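Enquirer:
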Amino acid sequence: MSTVVDTANLQPGFENPVLDAQATFRAALVAFSLPGKRQRFDRLSDVPAPLTTATAAFILMLADLDTPVWLDPGADVQQVQDYLRFHCGCPLMAKPEEADFAIVTDSGTAPRLGEFAQDNELFPDRSATVIFQVSSLDAGQKVKAHGPGIKSEIEIQAKGLPNWFWQDWAVNAACYPLGIDVLLTCGDEAIGLPRSVIVES
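Sequential numbering from 7 applies to the sequence shown in the working numbering.
As structure tokens, this is what we get:
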């Protein structure tokens, strides 16, 4: 990956860095506190393809010099690299297991969930948060979910996930309190899937 940032065609970050980052943080907090409840991440007007607005806002709000990020082959393009390096300063990693945050834009090339950074009993904060971009939150396989933050039971849909995703998620949830967390993004909307969520197809 080139480390030279081309700023000529760089998209802007948050217009108001403090207020927009705070609003994005609140949306992320609610997304993971109330799994399956859609949140708007709409504080960016233009982001580099193939990132969605929600994906870019989440990363800009959380990533910095000390938070390595991994990009899947679809997102690992110069324009995205420049955008993240300029606005976040985050190191971009070659392998998914090396990153605190990971972005998956193409389900066909997505690593299995177990390939992302996993925590352990001594360092439970070292697991990855993985962003999966999907084409719809209103279509696709429907699953029932329950767990902390969910009153009784809810249904979650997402079109564009790998066909093995929910199978891997069951394994991930069974490792709780270990395991990774996932954010599903579509346009400027997102839903959180903390590792505590249990799903049934």
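Just so you know, even glycine gets a beta-carbon here, dropped at the ideal spot from N, CA and C. This structure is a prediction, so every number in the text was calculated from the model and none was measured.
DSSP beta-bridge partners for Thr-191?
Expert: Gln-139 and Ala-196
Enquirer: What residues in its chain sit with their C-beta under 8 Å from that of Ser-1, if we drop five residues either side in the sequence?
Expert: Absent from the structure is residue 1, since the part of the chain shown begins at 7 and ends at 207.
Enquirer: Using the C-alpha atoms, what's the distance from Leu-190 back to Lys-148?
Expert: 14 Å
Enquirer: What is the DSSP secondary structure of Gln-147, reduced to helix, strand or coil?
Expert: Gln-147 falls in the coil class under three-state DSSP.
Enquirer: For Ser-207, count neighbouring Cβ atoms within 10 angstroms of its own Cβ and tell me buried if that reaches 16, exposed if not.
Expert: exposed
Enquirer: In this structure, does DSSP put Ala-69 in helix, strand or coil?
Expert: Three-state DSSP puts Ala-69 in coil, outside helix and strand.
Enquirer: Could you check which residue in Val-177, Thr-13, His-152 and Trp-170 has the C-alpha nearest to that of Gln-87?
Expert: Thr-13
Enquirer: How about Leu-25: is its Cβ closer than 7 Å to a heavy atom in the ligand GDP?
Expert: Inclusion of the ligand GDP in the displayed structure is not the case, the ligand content being empty and no account of it being possible.
Enquirer: Rounded C-beta distance between Asp-194 and Thr-59? I'm assuming under 8 Å.
Expert: 4 Å
Enquirer: Name the residue from Pro-117, Ile-186 and Val-83 whose alpha carbon lies nearest to the alpha carbon of Pro-56.
Expert: Comparing Cα-Cα distances from Pro-56 to each of Pro-117, Ile-186 and Val-83, the minimum goes to Val-83.
Enquirer: Would Ala-180 be called buried (16 or more neighbouring beta carbons within 10 Å of its own) or exposed?
Expert: exposed
Enquirer: Please go through the same chain and pick out, in chain order, the residues whose beta-carbon is closer than 8 Å to the beta-carbon of Glu-121, but skip the five residues on each side of it.
Expert: Pro-102 and Glu-103
Enquirer: Is Met-7 helix, strand or coil by DSSP?
Expert: Here the model assigns Met-7 a pLDDT of 48, short of 50, so the residue's position is not dependable, and the following value carries that caveat. Residue state, collapsed to three classes: coil.
Enquirer: Can you grab the Cα-Cα spacing for the pair Phe-107 / Val-136, in whole Å?
Expert: 6 Å
Enquirer: With burial defined as no fewer than 16 other Cβ atoms inside 10 Å of the residue's Cβ, what is the status of Val-24: buried or exposed?
Expert: If you draw a 10 Å sphere on the C-beta of Val-24, you find fewer than 16 other C-beta atoms in it, and that means exposed.
Enquirer: Give every residue of the same chain whose Cβ lies closer than 7 Å to the Cβ of Gln-17, excluding the five residues on either side of it in the sequence, and list them in chain order.
Expert: Asp-52, Val-53, Pro-54 and Tyr-89
Enquirer: Quick one: is Gly-198 buried, meaning 16 or more other Cβ sit within 10 Å of its Cβ, or exposed?
Expert: buried
Enquirer: Measure from the alpha carbon of Val-75 to the alpha carbon of each residue in Val-205, Ala-134 and Glu-159, then state which is nearest.
Expert: Ala-134
Enquirer: So, are the CB atoms of Leu-119 and Ile-186 less than 8 Å apart?
Expert: yes
Enquirer: Quick check: the Cα distance between Met-7 and Asp-78, rounded to an integer number of angstroms?
Expert: Residue placement at Met-7 is flagged as unreliable, the pLDDT there being 48, under the threshold of 50; a coordinate-derived value is accordingly withheld.
Enquirer: Tell me Trp-4's beta-bridge partners as DSSP assigns them.
Expert: Limits of the chain in this structure are 7 at one end and 207 at the other, which puts residue 4 out of reach.
Enquirer: Using CA coordinates, which residue listed in Ala-33, Lys-43 and Gly-42 is at the minimum distance from Met-67?
Expert: The residue with the shortest Cα to Cα distance from Met-67 is Ala-33.
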